[in-house]
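The next block holds one structure in the form of structure tokens; read it before the comments.
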Amino acid sequence: IHWQPDSADDDVAGYTWNLQYLAPVDSRVVETKRHPLSVSDEEAGAVAANIMEQHADDIQKADPPPRRLMGTDTYASYTNTRNGLYAFTVAAVDTVGNIGKPSTVLLIFNKYVPTTYLLSVDRTVDVFGSVTLSIIGGGFTYDGTVSRIYVDRDGKAPYDMTLERSDGAFKVVSDNRITGVKIGSTLDEGIYRIGLLHPDRGLYVSAPLLRIERNGTVKIEKQYDYVPSWTAYEKTWKYHVQMGTVLLWSVFALAFAGMIFAMYGFAQTAKDTVMVRREVRALLTGDSMPQEKKKKTAQLKQKGISLKLKLMAFTSLLVIMIILLVSIPLGINMTRTQEQTLARGLEERVNVLLEGL
């Protein structure tokens, strides 16, 4: 598709354009090598002009081209575009990125060469082991409907299995989908190709993609092997230190230090208790004045209360540290055991599912 640039514009950096499908066209104006025009050139021109006239207002509904520079050439090329009425819109883009007013024209494409192709295959298996396929592709109903499906190892006659649409062996749902392909459970072990017979375009044979195993399991083979352009970077170390292990030993060290501190405080409190009792006994048997005796008795009583609080605090701290030293290893061990059990169960389920594919 060529267009004429405006000679008055000297700051055009390139163009942006868009091709939008609007409506189908009459089959009388469609032309291919196998199917020439069924009417004269004059009649085909009249039909095309009538289509243009009926959809003249659709130009106003055409989408604008994308807001980016798509090229610097004054033409756009399209290969094997589907037949139909299209709106082609083009606009100029200047050197600073501004987009000019678009121009739109109606075009009729009538030389599409259809092809039959297969993209993917899905399968279902019933309780009796009978296999049914669903085929995704294109060109199943264009210029005729796929009438026969072949299943074969090498894709050449004689075929291992032939399925007729007229016999109800499969159903062509749309131009892109075939369902209910009943291949049963009679095929031998191996990798098979799928052939699609179109009444107008002939036979299309896929790559080997259907694997039948000895136990009746059907697997869909990969049609290509993906090789990424990148590689994973792995840095190896001579020594490995896990943060979980560091944290565990840190908790052990803190708990052990707390236990030692609690035991030391417990011993110091017991020592102070013995000293208080000795002082009370000496005070009661001494020759001190009554007023001084009362004062010292009150001080020793207050000191006894503080010793009781210290004893309770250090005892509680000792109990807490012992509980931590016992419960933390048990909790970690139970967590690791549960993780291993869950991981092993998940692995067994995955293996069962993979064996069934």
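Here the sequence shown is numbered in the working numbering, starting from -8 and rising by one per residue.
Heads up, the beta-carbon is just placed ideally off N, CA and C, and yes, glycines get one too.
Using alpha carbons as the reference points, say which of the options lies closest to residue i.
i	options	result
Asp151	Ser68, Thr328 and Gly181	Gly181
Asp179	Ser157, Ala53, Gly186 and Val142	Val142
Ala4	Ala39, Val84 and Leu10	Val84
Asn71	Tyr103, Ser220 and Ile50	Tyr103
Asp166	Phe79, Leu110, Lys301 and Pro56	Leu110
Gly159	Tyr12, Lys173 and Lys147	Lys173
Leu358	Val87, Thr306, Arg144 and Glu338	No information on residue 358 is available, as it lies outside the stretch -8 to 348 that the chain covers here.
Ile251	Met312, Trp240, Thr260 and Arg269	Met312
Asp263	Phe243, Ser241, Leu300 and Ala246	Leu300
Leu154	Ala35, Arg144 and Ile185	Ile185
Ser307	Gly256, Val112 and Val341	Gly256
Can you look up residue i in the DSSP assignment and give me helix, strand or coil?
i	result
Phe100	strand
Tyr255	helix
Arg114	strand
Gly181	strand
Ile90	strand
Ser307	helix
Trp221	coil
Pro320	helix
Lys262	helix
Asp134	coil
Leu300	helix
List the DSSP bridge partners of residue i.
i	result
Ile140	Leu154 and Leu187
Ala78	Gln11 and Leu97
Ser125	Asp113
Gly62	Tyr6
Tyr108	Gly129
Ala83	Tyr6
His(-7)	Tyr66
Would you kindly report the start and end of the unbroken beta strand (DSSP E) that includes residue i?
i	result
Gly193	Gly193 to Val196
Ile203	Leu201 to Ile203
Ile169	Arg168 to Gly175
Val164	Lys162 to Ser165
If we cut at 8 Å on Cβ distances, does residue i have a partner in chain D?
i	result
Asp1	Among the protein chains of the structure shown there is no chain D, as only one such chain exists.
Take residue i and list the residues in its own chain whose beta-carbon comes closer than 8 Å to its own, dropping the five residues that flank it on each side.
i	result
Tyr108	Gly128, Gly129, Gly130 and Tyr195
Val163	Phe131, Thr132, Thr136, Val137, Arg156 and Ile169
Arg25	Asp191
Once you ignore the five residues that flank residue i on each side, which residues in its own chain have a CB closer than 6 Å to its CB?
i	result
Arg192	Thr107
Leu344	none
From what residue to what residue does the alpha helix (DSSP H) around residue i run?
i	result
Gln45	Asp32 to Gln45
Counting only the same chain and skipping the five closest in sequence on each side, list residues whose C-beta sits under 7 Å from that of residue i.
i	result
Ala67	Ile(-8) and Trp8
Val96	Phe79
Ala39	Val20 and Ile99
Asn101	Val16, Val20, Val21, Glu22 and Asn74
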